[in-house]
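Report on one structure; see the data block that follows.
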Amino acid sequence: MKTVFITRRLPSIAEELLSKHFKVTTNKKNKPISIRQLLDAVSKYDAILSTVSDKFTAEVIAKKKKLQVISNYAVGLNNIDVLFARKNSIAVFNTQDVVTESTADMTFALLLSLIRKIDEAKSFVKKSKWSGWDPEIFLGEELFGKTFGIIGFGRIGQAVATRAVGFGLRVIYCNRSKKITENSDLTGKVRQVDLKTLLENSDYISLHVPLEKDTYHIINKKSISVMKKKPVIINMARGGIIESKSLLGALRSGRIRGACLDVTEQEPLSGKDPLVNMKNCLVVPHIGTATVECRRAMAKLAAENIINYFV
Numbered sequence: 005m006k007t008v009f010i011t012r013r014l015p016s017i018a019e020e021l022l023s024k025h026f027k028v029t030t031n032k033k034n035k036p037i038s039i040r041q042l043l044d045a046v047s048k049y050d051a052i053l054s055t056v057s058d059k060f061t062a063e064v065i066a067k068k069k070k071l072q073v074i075s076n077y078a079v080g081l082n083n084i085d086v087l088f089a090r091k092n093s094i095a096v097f098n099t100q101d102v103v104t105e106s107t108a109d110m111t112f113a114l115l116l117s118l119i120r121k122i123d124e125a126k127s128f129v130k131k132s133k134w135s136g137w138d139p140e141i142f143l144g145e146e147l148f149g150k151t152f153g154i155i156g157f158g159r160i161g162q163a164v165a166t167r168a169v170g171f172g173l174r175v176i177y178c179n180r181s182k183k184i185t186e187n188s189d190l191t192g193k194v195r196q197v198d199l200k201t202l203l204e205n206s207d208y209i210s211l212h213v214p215l216e217k218d219t220y221h222i223i224n225k226k227s228i229s230v231m232k233k234k235p236v237i238i239n240m241a242r243g244g245i246i247e248s249k250s251l252l253g254a255l256r257s258g259r260i261r262g263a264c265l266d267v268t269e270q271e272p273l274s275g276k277d278p279l280v281n282m283k284n285c286l287v288v289p290h291i292g293t294a295t296v297e298c299r300r301a302m303a304k305l306a307a308e309n310i311i312n313y314f315v
């Protein structure tokens, strides 16, 4: 019987499905395994259901003996040396098809929280500062009629566009592919432009691209200098897409008026990090897919990836 190791406590559906076909061992703790444990797993098991905390470097993968599958409980594969894994006959899978709606929801949850000053308002009430109605307190901005630029127009980008249209935003997008099949509900409601046009004209810029060589630090000092509307930037993709130093400088100078970050270049961030302490920057701990429905679906798909490979 094939053996499978689940590296972290995940929704029970994963172990339930896998146990019907394989001998399954699970880390029952909600914390990452050590590098020693990962090396041991690579050398012992036929398949590993991993998380983004598990770093499958070439050195780790080289210790494999019978490992055939790594199924990552995530969309991104930046924690895995995919090329080296495939060279060593290891199939690598992710869970990209089930995170779309939760991630798109979170894009607007963060944006609205920042521009409507929700966190500040909550703190204000909690500190017993609310003495009565005030016509000038916590004035934010409305979305309707503004221009919303989306960089990356795959499943998540299009789901974000659907929500943006619902808010009455003018939606423009850029995508590396010149041709893309848009969601039919978006026909005539969105417009494809080049990156420069998007940067120049957007009030809000939402990032939904994978972290690759040509997207690394795509938001940097040069690209920020092109932005004419001092936009709010939302990053639901990967931290490395934004150059942190340039972002911090732009937030301080007012070159951009805000940032919403579900992901950061270094994770986790300390509470003392300058970005965390900027009033116009909202940082949350990589929770874009953190809904009960999404995490269960991710666990199910991660398990099915392994089952479909062997069975």
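Numbers in the working numbering are just positions in the sequence shown, counted from 1, shifted up by 4. Positions of the beta carbon are idealized from the N, C-alpha and C atoms, including for glycine.
When the five nearest sequence neighbours on each side are left out, the beta carbons in the same chain lying within less than 8 Å of the beta carbon of residue 134 are those of 128, in order along the chain. In summary, residue 216 is exposed, with fewer than 16 beta-carbon neighbours lying within 10 Å of its beta-carbon over all protein chains present.
When the beta-carbon positions are compared, residue 18 and residue 306 come within less than 8 Å of each other. Under a 10 Å Cβ-count criterion, residue 297 is classified as exposed, with fewer than 16 other Cβ atoms of the shown protein chains found around its own Cβ. Under the DSSP assignment, residue 313 falls in the alpha helix (DSSP H) whose first and last residues are 296–314.
As the crow flies, the alpha-carbon of residue 153 is around 47 Å from that of residue 6. Leaving aside the five residues that flank residue 145 on each side, the residues in its chain whose CB is nearer than 6 Å to its CB run, in chain order, 119. Residue pairing by DSSP places residue 192 opposite no residue, since no beta bridge is assigned to it. For the options 8, 255, 191, the alpha carbon positioned closest to that of residue 238 is the one of 255. A straight-line Cα-Cα distance of about 31 Å links residue 314 and residue 292. The continuous beta strand (DSSP E) containing residue 155 extends over residues 151–155. A Cβ-Cβ contact shorter than 8 Å links residue 52 with residue 71. Per DSSP, residue 171 lies in no beta strand (DSSP E) and is assigned neither H nor E. Excluding its 5 nearest sequence neighbours in each direction, residue 28 has C-beta neighbours in its own chain below 7 Å: 8, 10, 19, 22, listed in chain order. DSSP places residue 27 in the strand class (E or B) of the three-state scheme. The C-beta distance from residue 250 to residue 228 rounds to 6 Å, short enough to fall under 8 Å. The three-state secondary structure of residue 148, taken from DSSP, is coil.
In the three-state reduction of the DSSP assignment, residue 161 falls in the helix class. For residue 205, the enclosing alpha helix (DSSP H) stretches over residues 199–205.
Leaving aside the five residues that flank residue 31 on each side, the residues in its chain whose CB is nearer than 6 Å to its CB run, in chain order, 11, 12, 37. Per the C-alpha coordinates, the member of 264, 242, 178 positioned closest to residue 271 is 242.
When the beta-carbon positions are compared, residue 115 and residue 155 stay at least 8 Å from each other. In the structure shown, residue 95 adopts extended strand secondary structure according to DSSP, grouped into three states.
When the five nearest sequence neighbours on each side are left out, the beta carbons in the same chain lying within less than 6 Å of the beta carbon of residue 86 are those of 96, in order along the chain. The secondary-structure analysis by DSSP pairs residue 208 across a beta bridge with 152, 236.
Around the CB of residue 161, 16 or more other CB atoms lie within 10 Å, so the residue is classed as buried. Using a Cβ distance threshold of 8 Å, residue 178 and residue 197 count as a contacting pair. Distance from residue 68 to residue 84 at the Cβ level is roughly 13 Å; contact not present, criterion being Cβ atoms closer than 8 Å.
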